[in-house]
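Going by our numbering, the letters in the sequence shown line up with residues 6 to 98, in that order. All C-beta atoms in this analysis are idealised placements derived from N, C-alpha and C, irrespective of residue type, glycine included. All figures in this text were calculated on a predicted structure; none of them were measured in a lab.
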Amino acid sequence: MSIQLLPEITYDGPGTGDDGYVVIVFNNDHNTWDEVVDILMEATGCTVEEANIETWEVDNLGKSVVHLGSSEQCEKAASIIRKIGIKVEVRQE
6 MSIQLLPEIT YDGPGTGDDG YVVIVFNNDH NTWDEVVDIL MEATGCTVEE
56 ANIETWEVDN LGKSVVHLGS SEQCEKAASI IRKIGIKVEV RQE
């Protein structure tokens with residue numbers, strides 16, 4: 006039996022390196038599912054499918070990482086999400 010090594014995969018997109026930041030959205034009792042999906046798509050440019058998955062995580066797990074990027078990108082996304090009263094945190098990855 007021989008051991009096969011997988012090739013190393015690297016990714017140089019947002020959310021990698023020393024300047025990687027994340028946006029975390031927390032659950033609340035006043036926003037509807039559709040409101041959260043819509044604001045996530047507006048703030049991050051994600052698909053409706055991705056927004057639904059992240060909204061499920063927020064609803065069922067209490068929070069979700071909804072965006073990866075530079076500090077500036079994450080702060081911009083967070084400010085859009087905050088417009089509807091959702092608690093959002095931006096932190097370095």
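Do the CB positions of residue i and residue j come within less than 8 angstroms of each other?
i, j, result
"A83", "V95", "yes"
"I91", "N33", "yes"
"I89", "E40", "yes"
The beta strand (DSSP E) that contains residue i, what's its start and end?
i, result
"K68", "68-74"
"I29", "26-31"
"E98", "From DSSP, E98 is part of no beta strand (DSSP E); its letter is neither H nor E."
Taking the alpha-carbon positions, what's the residue i to residue j distance?
i, j, result
"M46", "S75", "18 angstroms"
"Q97", "V27", "6 angstroms"
"W5", "H35", "Summary: the structure shown does not reach residue 5, with the chain confined to residues 6 through 98, and so no result is reported for it."
"C79", "L73", "7 angstroms"
"T52", "D43", "10 angstroms"
"E77", "E59", "21 angstroms"
"W38", "G25", "28 angstroms"
"G22", "I29", "With a pLDDT of 47 at G22, under the threshold of 50, the modelled position of this residue cannot be trusted; read the value that follows with caution. Those two C-alpha atoms are separated by around 18 angstroms."
"D64", "N57", "10 angstroms"
"Y16", "T49", "Annotation note: pLDDT 42 at Y16 (below 50); position unreliable, coordinate value reported separately. Spanning the two alpha carbons is a distance of roughly 19 angstroms."
"L66", "V93", "15 angstroms"
So residue i packs on residue j, CB below 8 angstroms; how close in whole Å?
i, j, result
"F100", "K81", "Within the shown structure, residues of the chain are numbered from 6 to 98, placing residue 100 beyond reach of any answer."
By the DSSP assignment, the alpha helix (DSSP H) with residue i in it spans what residues?
i, result
"E40", "38-49"
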